[in-house]
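Worksheet: one structure, shown below.
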Ligand code: BGC
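Numbering (the numbering used here), first residue to last: 45 to 780.
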């Protein structure tokens, strides 16, 4: 593909006062804004798709990068560069077409969340941000942190799971990593866009307090941890109002309550008005021609000239864009495409490490895994394991060097193509087992697969579930009769190992009959290698589930997904009656036993969690403990600290309040500690806009999952306290 020289902005502007890097970003934005004409300000708040759109007969702006997500004109005469926008959180994506750019794909967002390791999330963000920059982009539409409230959501693979603390911290670290490249990252999708069916028409009903303690808390934690330059409002309606013209969400929650000083961009096609949207807090329309009208083009100018949108508001919109550009180095470090400089090998290693950390060993009976040198005949079955590893579909799709390893699977167009990255597990397994005969069967013939399994001393069956943007799955079963394949293989050989490449939770009717299950998610560019490394114990698995795996859809707050199957243009409601009791909280509340609990993940060694001591200083809970490796190999354990009120009533019995991943050598014990964010001990008061901690006793639980039978606990007493909407102490109340 062609890359125009895009170095922006004459150096003649270098002496201008707003180019003084010593001044704060706000001041610089104010200085340059003063020089701008009305039309220049309007340009900054109007974005285009960076691709021709044949169906709408539109062409991309000439300076945009072809087949990219977005483009916004800057003001070159004042040294303000254009904004070149690329999707997304798993790497540099491309809009479909003949000229895709090849990039490194991270494992899915859920896989990264399953690492429970903020350093890994940061490293992945830094890597994809570097590729974005090298391709000439200065905005990355990454930072997806919609809560996994609905396991059938086709986009769960882009996000960080079901818990606000885990998802918020992981995605916040990724945003920080991306922005370390002077590339703005975009927190999205704001807010409550938790299903894809009817995503532009669904009306989500939830009360403010419940939202602030669930989906909004995940966004708030990611915002605080990552300091994103932009936030993307979502397609859906929330309590009757579209998110991109929802004054409560944008003006009140995001800007006033949280203090967000950057800009709000719309999702592509999520704008429905000019005056209501601008006055409700939307700062920039994105992706024309996706919307019905160019609301923030000529209509916004007319609205400003008529005073329907105050001039001060337009200034605020433009200032917010400029401020983030100064704050995050977009102006001072202009991008210039140099894709030849991308160190793809080193980047594949970053993706590999993420995949290795995030794979979750769900079951391992009788030490079926790791495979060792004694295995002589290995059967590898199904899941196109001879070719590659699966990726999720939609705008986040990263195209790999080498192309699609399994082309032609439907859908081949949006949200497809169904993509397999050319990192074949079969090749990697062969490399790890040079002395063994490794035979592949594609699984189409179940009897043949079973016969092969019977004759093998190790059997690895791959099962896949493709999910994508703009669609949900109808249920949690593996598609294409793969359950029958796994069952047949397991019946032939009970030591069968199942490797799952899924977008999110799936059900496993064959679970009792197999030896081991490894959840590999969508494992990214180096996925095949990562899988083999874990199967053979080169890497000890250390991922833990970032979401509950239900035993069946009947256990969910909505056994049937509202609005599914979607009928075009149908407006419908979904009632988030579970409120903040999302995921394991719902399962705890209802006393339900999931297939696998949130936080679960096995290792090739054994750990004990002990010596828990919790104390309270100035109302803040600290918990210290020891993680001991009682097994024979080194490993990494995720110690999880939950809190549970003894008297106070929460949305559910307990919440995750802290976590830490620690390396422990065999026989060693490592001390670790967590400090609890007081908002996780509080209930949000929507009227006073405070987080209120009730006086009383709270159990502090140290566990290796949300349903860990070996959990240990202690109790602390908390005085009543009130924290402001950002979690800052307002007053400690004495116990009455
Ligand atoms: C998605 C966004 C994405 C945008 C641009 C939309 O369909 O919801 O996540 O960033 O397209 O491609």
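The C-beta atom is built at its ideal place from N, Cα and C for all residues, glycine as well.
Please classify residue i as buried or exposed, where buried requires at least 16 neighbouring CB atoms within 10 angstroms.
{"i": "residue 289", "result": "buried"}
{"i": "residue 553", "result": "exposed"}
{"i": "residue 451", "result": "exposed"}
{"i": "residue 62", "result": "buried"}
{"i": "residue 349", "result": "exposed"}
{"i": "residue 82", "result": "exposed"}
{"i": "residue 64", "result": "exposed"}
{"i": "residue 654", "result": "exposed"}
{"i": "residue 142", "result": "exposed"}
{"i": "residue 247", "result": "buried"}
{"i": "residue 346", "result": "exposed"}
{"i": "residue 59", "result": "exposed"}
{"i": "residue 46", "result": "Only weak support is given to the placement of residue 46: the predicted model assigns it a pLDDT of 41, under 50, and the question is left unresolved by the model."}
{"i": "residue 780", "result": "Low confidence applies here, because residue 780 scores a pLDDT of 40, under 50, leaving its location unreliable and the question unanswered by this model."}
{"i": "residue 673", "result": "buried"}
{"i": "residue 54", "result": "Note on residue 54: pLDDT 48, under 50, position unreliable in the model; no value is reported."}
{"i": "residue 571", "result": "buried"}
{"i": "residue 775", "result": "exposed"}
In terms of residues, what are the limits of the beta strand (DSSP E) holding residue i?
{"i": "residue 664", "result": "664 to 673"}
{"i": "residue 329", "result": "329 to 332"}
{"i": "residue 742", "result": "740 to 747"}
{"i": "residue 385", "result": "Run containing residue 385: none; DSSP gives neither H nor E here."}
{"i": "residue 156", "result": "First-last for residue 156: 153 to 159, but that is the alpha helix (DSSP H), not the beta strand (DSSP E)."}
{"i": "residue 232", "result": "228 to 234"}
Thinking C-alpha only, which one of the options is nearest residue i?
{"i": "residue 628", "options": "321, 486 and 686", "result": "686"}
{"i": "residue 166", "options": "229, 689 and 721", "result": "229"}
{"i": "residue 581", "options": "377, 400 and 260", "result": "400"}
{"i": "residue 343", "options": "322, 440 and 93", "result": "322"}
{"i": "residue 129", "options": "157, 93, 163 and 164", "result": "93"}
{"i": "residue 373", "options": "334, 652 and 123", "result": "123"}
{"i": "residue 414", "options": "579, 494 and 634", "result": "579"}
{"i": "residue 215", "options": "186, 176, 197 and 591", "result": "186"}
{"i": "residue 432", "options": "209, 568, 220 and 136", "result": "568"}
{"i": "residue 559", "options": "611, 242, 511 and 501", "result": "501"}
{"i": "residue 702", "options": "421, 429, 294 and 744", "result": "744"}
{"i": "residue 641", "options": "468, 664, 596 and 678", "result": "596"}
{"i": "residue 540", "options": "461, 436, 637 and 409", "result": "409"}
{"i": "residue 338", "options": "86, 727, 730 and 711", "result": "86"}
{"i": "residue 302", "options": "312, 260, 282 and 311", "result": "260"}
Which residue comes first and which comes last in the alpha helix (DSSP H) that contains residue i?
{"i": "residue 616", "result": "No alpha helix (DSSP H) holds residue 616; the beta strand (DSSP E) holding it covers 616 to 619."}
{"i": "residue 210", "result": "208 to 223"}
{"i": "residue 361", "result": "355 to 371"}
{"i": "residue 631", "result": "628 to 634"}
{"i": "residue 395", "result": "388 to 402"}
{"i": "residue 505", "result": "Segment 502 to 509 is the beta strand (DSSP E) holding residue 505; no alpha helix (DSSP H) there."}
{"i": "residue 264", "result": "259 to 270"}
{"i": "residue 760", "result": "Note, residue 760: premise wrong, no alpha helix (DSSP H); beta strand (DSSP E) at 756 to 762."}
{"i": "residue 72", "result": "69 to 78"}
{"i": "residue 659", "result": "Run containing residue 659: none in the alpha helix (DSSP H); it sits in the beta strand (DSSP E), 651 to 661."}
{"i": "residue 249", "result": "Where residue 249 is concerned, there is no enclosing alpha helix (DSSP H), although the beta strand (DSSP E) it sits in stretches over 246 to 249."}
{"i": "residue 11", "result": "This structure leaves residue 11 out entirely; the chain is present only between 45 and 780."}
{"i": "residue 256", "result": "252 to 256"}
Please determine whether the Cβ atom of residue i lies at a distance below 7 Å from any heavy atom of the ligand COA.
{"i": "residue 127", "result": "Of the ligands this structure carries, namely the ligand BGC, none is the ligand COA."}
Which full runs of the beta strand (DSSP E) of 3+ residues lie inside the region 103 to 137, going along the chain? 112 to 116 and 127 to 131
Jot down the residue ranges of each uninterrupted alpha helix (DSSP H) in the region 166 to 198, minimum 4 residues, whole runs only, in chain order. none
Would you call the region 719 to 739 and the region 759 to 769 in contact, with 3 or more CB pairs under 8 Å? yes
Contact the region 693 to 700 vs the region 612 to 631: 3+ CB pairs below 8 Å: yes
If we require 4 or more residues per run, which alpha helix (DSSP H) segments fall completely within the region 414 to 478? 469 to 476
Take every Cβ of the region 640 to 652, pair it with every Cβ of the region 582 to 591, and state whether three or more of those distances are shorter than 8 Å. yes
Does the region 105 to 121 come close enough to the region 169 to 189 to have 3 or more Cβ pairs within less than 8 Å? yes
Please determine if the region 442 to 460 and the region 469 to 483 are in contact, where contact requires at least 3 C-beta pairs separated by less than 8 Å. no
Unbroken stretches of the beta strand (DSSP E), 3 residues or longer, contained in the region 522 to 593: 541 to 546 and 560 to 563
Cβ contact (3+ pairs, closer than 8 Å) linking the region 130 to 147 and the region 234 to 242: no
At 3 residues or longer, what runs of the beta strand (DSSP E) sit wholly inside the region 284 to 344? 307 to 310 and 329 to 332
For the region 61 to 80 against the region 93 to 100, do three or more pairs of beta-carbon atoms, one drawn from each stretch, fall closer than 8 Å, so that the two count as touching? no
Answer yes if the region 675 to 691 comes into contact with the region 741 to 754, meaning at least three C-beta pairs across the two stretches below 8 Å, and no otherwise. yes
Under 8 Å, with one C-beta from each stretch per pair, do the region 149 to 168 and the region 194 to 205 reach the 3-pair mark? yes
Check whether the region 543 to 550 and the region 502 to 511 are in contact - that is, three or more C-beta pairs closer than 8 Å. yes
If you pair each beta-carbon of the region 275 to 291 with each one of the region 317 to 334, do three or more pairs fall below 8 Å? yes
Where in the region 681 to 726 do unbroken runs of the beta strand (DSSP E), each at least 3 residues long, occur, reported from the N-terminal end onward? 699 to 708 and 713 to 719
Answer yes if the region 605 to 622 comes into contact with the region 666 to 673, meaning at least three C-beta pairs across the two stretches below 8 Å, and no otherwise. no
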